[in-house]
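Trainee: I'd like to ask some things about the structure below.
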Amino acid sequence: MTKQVLVSICGRQFDLEENEPIELVTTGEYYLKNGKHYIFYEEQMSEDDDITKNVLKISDGIVELKKRGVSEHTMVFEIGKKNHSNYHTPMGMLLMGVHTKALTVTEKEDGMELWIQYQLEIQGEHVSKCEITIKIQEKDV
Numbered sequence: 612m613t614k615q616v617l618v619s620i621c622g623r624q625f626d627l628e629e630n631e632p633i634e635l636v637t638t639g640e641y642y643l644k645n646g647k648h649y650i651f652y653e654e655q656m657s658e659d660d661d662i663t664k665n666v667l668k669i670s671d672g673i674v675e676l677k678k679r680g681v682s683e684h685t686m687v688f689e690i691g692k693k694n695h696s697n698y699h700t701p702m703g704m705l706l707m708g709v710h711t712k713a714l715t716v717t718e719k720e721d722g723m724e725l726w727i728q729y730q731l732e733i734q735g736e737h738v739s740k741c742e743i744t745i746k747i748q749e750k751d752v
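Under my numbering, the first residue of the sequence shown is numbered 612, with each subsequent residue one higher.
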């Protein structure tokens, strides 16, 4: 896979009244180091929002997503495990729990696809069942 990639993300939360998918398509950079895949990309949900810098790290059976911006947190996805992290927001810190139910990583010659199902908790309380699909593919130059 080339260094320049296109990152497509589609996420859904199922236990909320509005469960419309959240979709993002952006460009990023891909690196392979010590058998681990790294994808660096930025997101901005609207023109008025600040930019969030993201690092997606993919290794054997573990996907880690670090977000840095107005809100900062790390989500670790590992089948059958509940991982906790601090979710730093402008209003204060919250304890976030991610319990991964399913995780599939499919590698292709020109990219990869991730599919993750998980349950999200905030401050120990169930928030929703979630699903995220991430597609990384070579960017046409």
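Don't be surprised by glycine CBs; every beta carbon is placed ideally from N, CA and C. Bear in mind that the values here come from a model prediction, so they are computed numbers and not experimental data.
Between H710 and H699, which are expected to be in contact by the criterion C-beta below 8 Å, what is the C-beta distance as a whole number of angstroms?
Mentor: Wrong, their Cβ atoms sit about 21 Å apart, outside the cutoff.
Trainee: Just mark E676 as buried or exposed, buried being the case when its beta carbon has 16 or more other beta carbons within 10 Å.
Mentor: Looking at the sequence itself, residue 676 is Leu, so the reference to Glu does not match. Buried, by the Cβ-count rule.
Trainee: Quick one: does V738 have its CB under 8 Å from some CB of chain B?
Mentor: Absent from the structure: chain B. Only one protein chain is present.
Trainee: When burial is assigned at 16 or more other CB atoms within 10 Å of the CB, is Y729 buried or exposed?
Mentor: Buried: at least 16 other Cβ atoms inside 10 Å.
Trainee: Taking its Cβ as the centre, do 16 or more other Cβ atoms sit within 10 Å of F625, making it buried, or is it exposed?
Mentor: Burial call: exposed.
Trainee: Using C-beta distances below 7 Å, list every residue in its chain close to D661, excluding the 5 sequence neighbours before and after it, in chain order.
Mentor: Result list for D661: G680 and V681, in chain order.
Trainee: Note down, in chain order, each residue of its chain lying with its Cβ closer than 6 Å to the Cβ of F651, except the 5 sequence neighbours on either side.
Mentor: Excluding sequence neighbours, F651 sits near G639, E640 and V666.
Trainee: Please report how far the alpha carbon of W726 lies from the alpha carbon of I745, in whole angstroms.
Mentor: The alpha-carbon atoms of W726 and I745 are separated by roughly 7 Å.
Trainee: When the Cα of E634 is compared with those of D671, S670, M702 and V618, which residue comes out closest?
Mentor: Looking at the Cα atoms, V618 is the closest of the given residues.
Trainee: Smallest Cα separation from K693: which of E628, H648 and M707?
Mentor: Minimum Cα distance to K693 is reached at M707.
Trainee: Can the beta-carbon of I669 be found less than 8 Å from the beta-carbon of K647?
Mentor: Going by C-beta atoms, I669 is nearer than 8 Å to K647.
Trainee: What three-state label does DSSP hand K750 in the structure shown?
Mentor: In this structure, K750 counts as coil in the three-state DSSP scheme.
Trainee: Would you report the Cα separation of E689 and E720, rounded to the nearest angstrom?
Mentor: Cα to Cα, E689 sits roughly 24 Å from E720.
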